[in-house]
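Asker:
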Amino acid sequence: MPTYKAPLRDLRFVYYELFDAESLTALPGMEDAGEDLVMTAMEELARICEEVIQPLNAPGDEEGCRFDQGKVISPKGFKEAYDLLAQGGWTSLICHPDYGGQGLPHHVDIMAGEMLCSSNLSFAMYQTLTSGAYLAIDHHASQELKDYYLPKLTSGEWAGTMCLTEPQAGSDLGLVRMKAEPREDGSYLLTGTKIFISAGEHDMTENIVHLVLARLPDAPAGTRGISLFIVPKRREEGGKLVPNGVTCGAIEHKMGIKASATCVMNFDGAVGHLVGEPHKGMRAMFTFMNAARLHVGIHGLALAEAARQGAVQFARERLQGRSLTGAKYPELEADPILVHPDVRRMLLACRAFTEGARALTAWTTLGIIDAEHHPDPERRQAGDDLASLLTPVVKAFQTDLGFETTNTALQVCGGYGFTRDYGMEQFVRDCRITQIYEGTNGIQGLDLVGRKMPANFGRSLRRFFHPVSEFIAAEAGNERMKEFVEPLAKAFERLQRATGWLAEQSLKSRDEAGAAATDYLHLFGWVAFAYLWARMAKVAMEKEGQEDALFYQAKIATARFFVQRMLPRHSAHFAALLAGAASMMEFPDEAF
Ligand SMILES: Cc1cc2nc3c(=O)[nH]c(=O)nc-3n(C[C@H](O)[C@H](O)[C@H](O)COP(=O)(O)OP(=O)(O)OC[C@H]3O[C@@H](n4cnc5c(N)ncnc54)[C@H](O)[C@@H]3O)c2cc1C
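By numbering that gives the first Met the number 0, the letter at position 295 of the sequence shown is numbered 294, and the numbering carries on one by one without gaps.
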């Protein structure tokens with residue numbers, strides 16, 4: 000069974016050597032959140048993840064959640080681990096001190112999220128959904144609702160959910176039918192059914208706060224007629240919590256994340272309160288969805304990291320065959336499979352993905368922090384533009400490649416990887432959903448090309464293009480960086496051409512944008528990784544002679560593997576998207 004060691008050294012590298020997260024201490028309210036405090040906290044959480052939460056991962060998968068007459072029973076040990084996190088203040092890292100939180104910057108939550116999800120994705124989801132609910136209420140609800148709900152979500156006494164999906168409304172939320180009837184006292188009665196609701200019902204907290212999309216009686220059709228409501232599982236009456244007409248009808252039996260309860264939720268005249276303005280629910284929900292999309296990108300990274308570690312452990316121990324260039328360990332019956340070029344190819348592909356994804360996640364997160372906290376309005380706008388542009392890329396590229404990476408890591412383990420006992424197949428099963436929930440990856444591609452790319456006449460896109468082209472220009476004369484900068488420049492030039500081509504073609508037919516979306520998103524992802532890998536190589540070169548030399552050497556070597564062996568994949572996406580929509584759209588429907 001693979002063990003997990005939190006990648007604290009790499010987290011420190013990404014946030015404090017590649018990026019300058021220390022400078023966040025200049026922002027109001029974050030004066031104390033320097034590297035030492037943040038990394039000390041992460042060391043403590045790493046210990047809890049490694050010793051308490053990861054050991055619950057395989058048994059949780061085996062046992063799954065149970066449904067018994069409307070109640071959901073979580074696997075053994077989950078409630079105790081949840082209480083440990085809540086009591087240790089780990090549920091309140093980014094929550095405001097006014098509500099009992101620690102007011103730490105967002106990147107602390109992101110580092111914590113990666114470690115929790117690597118240890119046990121099913122378990123972590125109960126917590127990350129609560130964080131998302133906190134953010135949506137904090138950004139959009141009235142002060143009265145914030146004062147009532149946020150302290151309980153901060154302390155972890157209550158949990159949160161996101162209730163969007165209905166049987167007929169998945170990717171197309173304009174089809175939502177859940178009804179909200181106004182009452183004289185300003186509250187609403189909600190009636191309808193939501194499906195696939197993660198953590199919709201469970202036994203870890205005394206109450207669950209549902210954020211629900213529904214329609215008012217006068218609502219226009221489509222997404223412009225959707226409002227957002229807070230609906231608790233139990234509401235307060237006479238100083239006591241009483242049932243509120245919210246019940247769980249069933250839980251799903253699934254391929255993966257079996258310890259995360261995926262619930263059918265029935266609302267039978269449940270009392271709720273409007274969040275934000277009537278009919279503007281999608282806007283409010285986007286706060287939740289954007290945070291959740293970034294977190295799902297982290298799910299892809301986190302499971303790939305856990306699987307990568309399992310593959311490395313296996314490759315060091317498994318003895319098969321001899322090195323092609325003569326025995327490397329003649330004293331052993333055979334060499335460890337780590338010596339074989341094909342195994343090294345797989346291990347380095349896993350490593351180049353996880354470290355690249357950690358850097359892309361960090362860059363996006365720092366954009367969010369600027370957007371929310373920077374005193375300079377121009378920096379706030381730039382941070383918001385960059386983070387909203389990169390969010391669909393983080394979500395889709397990191398989960399498509401994350402799934403591929405868990406599969407590659409399983410392959411390293413051969414037949415043992417395929418067996419349940421070894422624990423690798425769970426990573427593959429658990430990772431598959433990340434490409435689907437929180438907006439399928441196809442929908443993320445459409446978001447990138449249809450919304451983010453043209454936003455503000457390309458302003459968001461320039462927030463990405465400018466630093467990349469400036470970096471290429473600045474490093475043009477750097478002989479040592481040539482091996483990284485030249486392939487980056489080539490891939491970047493193609494991304495620019497693809498962007499121009501797409502803008503032009505989309506004017507002719509929107510099917511062109513739809514047909515190109517996934518390839519464009521992947522091309523974008525490869526270029527973003529190439530830029531970040533080149534920057535990481537540069538930082539590592541500057542520090543190579545110092546303490547920790549092996550870490551920096553490995554960084555440069557992984558960057559080299561990335562540009563030589565992985566980045567060429569961008570060419571296929573470039574060629575595919577330029578081929579246009581015709582081969583798909585001219586295929587007769589009846590011939591499928
Ligand atoms: C385990 C699990 C947990 C979940 N948790 C939650 C939760 O907590 N809260 C919640 O509200 N929902 C949740 N969901 C629902 C999830 O977000 C949806 O399943 C997802 O958004 C896709 O919707 P769908 O399943 O209806 O697929 P559909 O929308 O029916 O899509 C089917 C296929 O068609 C494609 N497609 C659809 N429309 C378009 C289009 N316009 N252009 C191109 N392609 C398109 C999709 O990409 C997909 O490949 C969860 C689902 C699962 C399985």
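We treat Cβ as the ideally placed atom computed from N, Cα and C, and that holds for glycine.
I'd like the list of long-range same chain contacts for Ala-536, defined as Cβ closer than 8 Å, with 5 residues on each side in sequence excluded.
Answerer: Closer than 8 Å at the Cβ level, and outside the excluded window around Ala-536, lie Met-480, Phe-483, Lys-554, Ile-555, Ala-558 and Arg-559.
Asker: So the alpha helix (DSSP H) Thr-127 belongs to, where does it begin and stop?
Answerer: Run containing Thr-127: 120 to 139, per the alpha helix (DSSP H) assignment.
Asker: Find out if the Cβ-Cβ distance for the pair Ala-314, Leu-331 is shorter than 8 Å.
Answerer: Taking 8 Å as the Cβ cut-off, Ala-314 and Leu-331 do not qualify as a contacting pair.
Asker: Buried or exposed: where does Gly-320 fall if 16 or more other Cβ atoms within 10 Å of its Cβ makes it buried?
Answerer: Its Cβ having fewer than 16 others within 10 Å, Gly-320 is exposed.
Asker: May I have the straight-line CA-CA distance separating Ile-225 from Gly-244, to the nearest angstrom?
Answerer: Rounded to whole angstroms, Ile-225 to Gly-244 spans 21 Å at the Cα level.
Asker: Here's the rule I'm using: 16 or more other beta-carbon atoms within 10 Å means buried, otherwise exposed. How should Leu-77 be labelled?
Answerer: A quick correction: the sequence has Phe, not Leu, at residue 77. Flag for Phe-77 reads buried.
Asker: Pick from Val-538, His-569, Met-565 and Leu-549: whose alpha carbon is nearest that of Tyr-14?
Answerer: The candidate whose alpha carbon is nearest that of Tyr-14 is Val-538.
Asker: With respect to 7 Å, is the separation between the Cβ of Met-264 and the closest non-hydrogen atom of ligand 1 below this value?
Answerer: False, no ligand heavy atom lies under 7 Å from that Cβ.
Asker: Between His-272, Asp-369 and Glu-492, which has its C-alpha nearest Ala-140's C-alpha?
Answerer: Ala-140 has its Cα closest to that of His-272, out of His-272, Asp-369 and Glu-492.
Asker: Within the present structure, is the beta-carbon of Leu-445 separated from the nearest heavy atom of ligand 1 by less than 7 Å?
Answerer: Checking the Cβ of Leu-445 against ligand 1 gives yes.
Asker: For Trp-157 and Ile-207, I'd like the C-alpha separation in whole angstroms.
Answerer: Trp-157 and Ile-207: Cα-Cα distance of roughly 6 Å.
Asker: According to DSSP, is Ile-435 helix, strand or coil?
Answerer: If DSSP states are grouped into helix, strand and coil, Ile-435 belongs with coil.
Asker: Grouping DSSP H, G and I as helix and E and B as strand, with all else coil, what is Leu-92?
Answerer: The answer is coil: DSSP assigns Leu-92 none of H, G, I, E or B.
Asker: Where does Tyr-530 sit, in a helix, a strand or coil, going by DSSP?
Answerer: Here Tyr-530 sits in helix by DSSP.
Asker: Assuming Asp-384 and Arg-462 are in contact, meaning their beta carbons sit under 8 Å apart, how far apart are those beta carbons, in whole angstroms?
Answerer: Between Arg-462 and Asp-384 the Cβ distance is about 5 Å, and since that is below 8 Å, they are a contact.
Asker: Taking the Cβ atom as the reference point for each residue, do Ile-368 and Leu-36 lie within a distance shorter than 8 Å?
Answerer: Not a contact, by the Cβ cut-off of 8 Å.
Asker: How is the alpha helix (DSSP H) around Thr-39 delimited, first residue to last?
Answerer: Note, Thr-39: alpha helix (DSSP H), 34 to 47.
Asker: Roughly how many angstroms separate the alpha carbons of His-373 and Glu-34, rounded to a whole number?
Answerer: Roughly 19 Å separates the two Cα atoms.
Asker: Kindly provide the ranges of any alpha helix (DSSP H) runs that are 4 or more residues long and lie completely inside the region 448 to 528, ordered along the chain.
Answerer: As far as the region 448 to 528 is concerned, its whole alpha helix (DSSP H) runs of at least 4 residues are 454 to 473 and 481 to 507.
Asker: If you run the structure through DSSP and keep just helix, strand and coil, what is Met-177?
Answerer: Coil.
Asker: My assumption, with CB atoms under 8 Å, is that Ala-132 sits in contact with Gly-159. Please give the rounded CB distance.
Answerer: The Cβ separation is near 2 Å, so the contact holds.
Asker: Looking at the unbroken beta strand (DSSP E) that takes in Asn-206, where does it start and where does it end?
Answerer: Residues 206 to 213.
Asker: Let's test the definition: count the other Cβ atoms within 10 Å of the Cβ of Ala-361 and tell me whether it reaches 16, buried, or not, exposed.
Answerer: Label assigned to Ala-361: buried.
Asker: Does DSSP classify Ser-22 as helix, strand or coil?
Answerer: It is helical.
Asker: Taking 8 Å as the cut-off, decide whether the C-beta atoms of Ser-592 and Ser-459 are in contact.
Answerer: Only positions 0 to 591 of the chain appear in this structure, which leaves residue 592 out of reach.
Asker: According to DSSP, which residues form a beta bridge with Ala-333?
Answerer: Note: Ala-333 sits in no beta bridge, so no partner.
Asker: I believe Pro-335 touches Arg-317 by the beta-carbon criterion, under 8 Å. Please report the beta-carbon distance rounded to the nearest angstrom.
Answerer: Pro-335 to Arg-317, Cβ: 6 Å. Contact.
Asker: Who are Thr-190's beta bridge partners in DSSP?
Answerer: DSSP lists Lys-178 and Asp-267 as partners of Thr-190.
Asker: To the nearest whole angstrom, what separates the beta carbons of Gly-624 and Leu-359, a pair I think is in contact under 8 Å?
Answerer: Residue numbering for the chain in the displayed model covers 0 to 591; residue 624 lies beyond these limits and cannot be assessed.
Asker: Taking C-beta to C-beta, are Val-263 and Val-342 nearer than 8 Å?
Answerer: It is not a contact, given that the beta carbons lie outside the stated cut-off.
Asker: Beta carbon of Glu-437: closer than 7 Å to some heavy atom of ligand 1?
Answerer: Because some heavy atom of ligand 1 lies under 7 Å away, the Cβ of Glu-437 counts as near it: yes.
Asker: Tell whether a beta-carbon distance below 8 Å holds between Cys-580 and Asp-518.
Answerer: The residue asked about is misnamed: residue 580 is Ala in this sequence, not Cys. No. Outside cutoff.
Asker: Can you check which of these residues, Gly-191, Ser-130 and Arg-568, is closest to Asn-289 by C-alpha distance?
Answerer: Checked all of Gly-191, Ser-130 and Arg-568; the closest Cα to Asn-289 is Ser-130.
Asker: Classify Lys-239 as buried or exposed, calling it buried when 16 or more other Cβ atoms lie within 10 Å of its own Cβ.
Answerer: Under this definition Lys-239 is an exposed residue.
Asker: Could you round the C-beta distance between Gly-112 and His-294 to whole angstroms and report it? I think they count as a contact, below 8 Å.
Answerer: Between His-294 and Gly-112 the Cβ distance is about 6 Å, and since that is below 8 Å, they are a contact.
Asker: Quick one: give me the first and last residue of the alpha helix (DSSP H) that Lys-394 is part of.
Answerer: Counting along the chain, the alpha helix (DSSP H) containing Lys-394 begins and ends at 376 to 411.
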